[in-house]
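Be aware that the sequence shown starts at 65, since it is given in my numbering, and climbs by one per residue.
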Amino acid sequence: MNKTTSLEIDRRHVFITHATGSIGSQAVREFLDQGCNVTAHDLSPVQLQTSETDRLCTVTGDVSDEDSIKSCMEQAQQRFGPIDILIANTAIADENQAYRIWDLPVDLWDRSYRNNVRGTFLTIKHFLRAAKGVQESQAGRELDNLAIVITGSECTNVGEVGYSDFASGKAGLQHGLLMGLKNDIVRLNRKARVNAVAPGPLDSSLIEGTSNGLKTESQATFPPQRPARPENVARAMSFLASHRAAGHISGQCIYVEDGMQGRLIWKENEVVKTFDPSASLSLQTIPPSMPKPPRNKIRVAVSIDLDAVSGWLGTGYSPENVLADYSAGFFAARVGVPRLLNMLKKTGIANKVTWFIPGHSAESFPQEVQQVVESGCEIGLHGYAHEGAYSLSVQQERDILEKCIEIATNITGKRPVGYRAPLYQVRESTLDLLEEYGFEYDASLTDHDCHPFFAPRRPPLQPIDYTKPASSWMHPIPSSSSTDQNTSDRRPLVEVPCNYYMEDMTPMQYLPHVHNSHGYVDVRVIEQMWRDRFLWIREHESDPIFAMLMHPDTSGMAHVIGMVERMIRWLQSWGEGEVEFMQTGEIARWWKEKTLQK
Numbered sequence: 065m066n067k068t069t070s071l072e073i074d075r076r077h078v079f080i081t082h083a084t085g086s087i088g089s090q091a092v093r094e095f096l097d098q099g100c101n102v103t104a105h106d107l108s109p110v111q112l113q114t115s116e117t118d119r120l121c122t123v124t125g126d127v128s129d130e131d132s133i134k135s136c137m138e139q140a141q142q143r144f145g146p147i148d149i150l151i152a153n154t155a156i157a158d159e160n161q162a163y164r165i166w167d168l169p170v171d172l173w174d175r176s177y178r179n180n181v182r183g184t185f186l187t188i189k190h191f192l193r194a195a196k197g198v199q200e201s202q203a204g205r206e207l208d209n210l211a212i213v214i215t216g217s218e219c220t221n222v223g224e225v226g227y228s229d230f231a232s233g234k235a236g237l238q239h240g241l242l243m244g245l246k247n248d249i250v251r252l253n254r255k256a257r258v259n260a261v262a263p264g265p266l267d268s269s270l271i272e273g274t275s276n277g278l279k280t281e282s283q284a285t286f287p288p289q290r291p292a293r294p295e296n297v298a299r300a301m302s303f304l305a306s307h308r309a310a311g312h313i314s315g316q317c318i319y320v321e322d323g324m325q326g327r328l329i330w331k332e333n334e335v336v337k338t339f340d341p342s343a344s345l346s347l348q349t350i351p352p353s354m355p356k357p358p359r360n361k362i363r364v365a366v367s368i369d370l371d372a373v374s375g376w377l378g379t380g381y382s383p384e385n386v387l388a389d390y391s392a393g394f395f396a397a398r399v400g401v402p403r404l405l406n407m408l409k410k411t412g413i414a415n416k417v418t419w420f421i422p423g424h425s426a427e428s429f430p431q432e433v434q435q436v437v438e439s440g441c442e443i444g445l446h447g448y449a450h451e452g453a454y455s456l457s458v459q460q461e462r463d464i465l466e467k468c469i470e471i472a473t474n475i476t477g478k479r480p481v482g483y484r485a486p487l488y489q490v491r492e493s494t495l496d497l498l499e500e501y502g503f504e505y506d507a508s509l510t511d512h513d514c515h516p517f518f519a520p521r522r523p524p525l526q527p528i529d530y531t532k533p534a535s536s537w538m539h540p541i542p543s544s545s546s547t548d549q550n551t552s553d554r555r556p557l558v559e560v561p562c563n564y565y566m567e568d569m570t571p572m573q574y575l576p577h578v579h580n581s582h583g584y585v586d587v588r589v590i591e592q593m594w595r596d597r598f599l600w601i602r603e604h605e606s607d608p609i610f611a612m613l614m615h616p617d618t619s620g621m622a623h624v625i626g627m628v629e630r631m632i633r634w635l636q637s638w639g640e641g642e643v644e645f646m647q648t649g650e651i652a653r654w655w656k657e658k659t660l661q662k
């Protein structure tokens, strides 16, 4: 594999057993570095020093107990979804002792086989059962990167002098399991693979049980070996786990010792004992380091519309509105705002979001709005009383804009540069005014769903008048409204896209007198829709943005705010290299600078 080629296992879910040992803990770090979600398993609680806590799940259990390993697999799937890769890392049970078979304690034999043979079997069994269940639930669609890597102590290098005879027997059983599984696993998943890694021996001076540092006869007469470093073993694991890198390898064991990585010691139908590098096949496909793959960075624009009571006065007005309706507006300001602020602070993005605040909300709920300002966020305008532009005269629009500029400047100490039209009701006169008053961006239109664009400068589109001849409306959009962003129809004002599919209120807030409200949609439906949008955009668009619009009325509700937090943490789990939370104004400036440089 070329050194610059990615392993392409980022976002895969990896389950690692015996994760507290030197090799297991290094494997956890390696797969986290590769961008994977990792479940670390061991008999005792797993405590690992890492900053990637959002992509790390720890479970405690006994691999030799079937109910325990099954439960741990279920816990892992609940956290990160289907398990793609299993690292069946075996424990060392005092195997550095050079026991001969006649001196081998029975309890050591039992412990070794229970952990390393029975435990390996049960772990693989329930990993494959879980994969089978996932594929059946997906109408037979196979998991893309189903891989098993079996690893053990240095004794897996079978039959070499200085190692315990019982370890050779254990490795032989593991080899038999590997060979049988190699042929069986493809019946479950045609591209699935199973391989093994055999770490080289420990330095003889570190072997426990030698007297006064003296070597046994067998140790003294055998050629010296170089101990395997855990990071080299972990790197071999990640290589074998990658379908992109090692999809052509199955049923093999790679022997790893310092300076001699990549020697095959298991071949088809036999175990090869060798110390002569020329007698084995040297794999040049494991590079000395695995560079992280380039990321398609996504800029996330989280924004909150603090409509509060104003939403019921402007676009949400109905002669049938009652006190209970207005009460929801008080809830938004006095309950929803503090809840959202606490959640945003807890997730670390309170100063990376934009609040669009109507003037009525700012003046009616000054304490709550002051808390918003103090969070360090950006403040944008959102009308005064959530008025719909198509209900206003141009002069009324101007008066409202000037009043709201004054209010925002007074509470923040600086002039606002961003605007979102109430109910997305922006018209040509609105854009004219925003341009006249020096606004940098608007967030109301959706000519594109994941890329900013320049606001259009075009005449109003005329509806069809069916009282007139058909020839009066059968004509294309005027040529001055060309979609070519390099033509003169564009304004200096940047549009940061947003619409109903990016927001919470329409599906999850019941508005009694609004025809398109729902209110009883399961939050997980919206969460999954947002995730699906993100995943498709990530895969198919270059340098995209991802917008999430919330309302304290909706996302402040007890059954919704937990979902929003899950979504934010899920986005954060992709890492800073792929996802960056930014204020809407920052995104507008970044995009404009990038675009004008072309």
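Even for Gly, the Cβ is constructed at its ideal location relative to N, Cα and C.
Minimum C-alpha distance to residue i - residue among the options
i	options	result
Arg479	Asp167, Leu495 and Glu442	Glu442
Pro523	Thr494, Glu644, Pro146 and Ser176	Thr494
Lys416	Thr648, Glu427 and Ser201	Thr648
Asp369	Cys562, His623, Thr81 and Leu168	Cys562
Asp568	Leu557, Asp553, Val578 and His615	His615
Arg597	Arg257, Tyr565, Tyr584 and Pro527	Tyr565
Ile609	His307, Glu642, Ala426 and Ile165	Glu642
Leu613	Arg182, Val170, Lys410 and Thr570	Thr570
Glu657	Pro516, Lys409, Arg254 and Ser619	Pro516
Cβ-based burial, residue i [other Cβ within 10 Å; buried from 16]
i	result
Met538	exposed
Thr117	exposed
Ala396	buried
Asp371	buried
Ser457	exposed
Gly315	buried
Glu470	exposed
Arg633	exposed
Glu603	exposed
Val589	exposed
Ala203	exposed
Pro682	Past the edges of the chain, shown from 65 to 662, lies residue 682, and the structure says nothing about it.
Gln98	buried
Glu200	exposed
Ile651	buried
Ser176	buried
Cβ neighbours of residue i in the same chain (closer than 8 angstroms, five flanking residues each side left out)
i	result
Asn333	Caution is warranted here: a pLDDT of 41 is assigned to Asn333, below 50, making its placement in the model unreliable, and the coordinate value is therefore given only provisionally. The answer, listed in chain order, is Met243.
Cys121	Asn101, Val102, Thr103, Ala104, Gln139, Ala140, Arg143 and Phe144
Gln435	Val401, Pro402 and Leu405
Met646	Arg363, Val364, Ala365, Lys416 and Trp654
Gly393	Asp371, Ala372, Val373, Ser374, Gly375, Trp376 and Asp617
Glu384	Pro576 and His577
Ile313	Arg257, Asn259 and Leu304
Residue j beta carbon less than 7 angstroms from that of residue i
i	j	result
Gly502	Glu451	no
Pro294	Gln113	no
Val297	Ile87	yes
Ala260	Ile212	no
Ala611	Leu557	no
Gly482	Tyr448	no
Glu640	Cys514	no
Thr187	Thr84	no
Met137	Ala195	no
Ala453	Arg491	yes
Ile475	Val437	yes
Phe420	His446	yes
Lys467	Gly440	no
Ala418	Ser382	Going by the sequence as given, residue 418 is Thr instead of Ala. Contact: no.
Ser306	Ile151	no
Leu487	Leu465	no
Glu629	Met407	yes
Contacting residues, own chain, Cβ-Cβ under 6 angstroms from residue i (five flanking each side not counted)
i	result
Ala310	Phe303 and Leu304
Thr510	Pro561 and Asn563
Glu591	Met627 and Met631
Pro263	Glu218, Ala292, Val297 and Val320
Arg76	Cys100, Asp148, Ile149 and Asn209
Glu432	Ala397 and Val401
Glu499	Arg555 and Leu557
Residues near residue i by beta carbon distance below 7 angstroms, same chain, minus five either side
i	result
Pro576	Asp389
(request) Pick out the complete beta strand (DSSP E) segments inside the segment 385–441, 3 residues or longer, and give them in chain order. (result) Listed in chain order, the complete beta strand (DSSP E) runs (minimum 3 residues) inside the segment 385–441 are 418–421.
(message) Going residue by residue through the segment 434–502, where are the continuous alpha helix (DSSP H) segments of at least 4 residues, counting only ones entirely within it?
(response) Counting whole runs of 4 or more residues, the segment 434–502 contains the alpha helix (DSSP H) stretches 458–476 and 492–500.
(message) Give the list of continuous beta strand (DSSP E) stretches no shorter than 3 residues that lie fully inside the segment 86–127.
(response) Counting only unbroken stretches of 3 or more residues, the beta strand (DSSP E) elements lying wholly within the segment 86–127 are 101–106 and 120–124, in sequence order.
(request) Starting from the N-terminal side, write out each stretch of the beta strand (DSSP E) that is 3 residues or longer and does not extend beyond the segment 586–649. (result) Listed in chain order, the complete beta strand (DSSP E) runs (minimum 3 residues) inside the segment 586–649 are 609–614 and 643–645.
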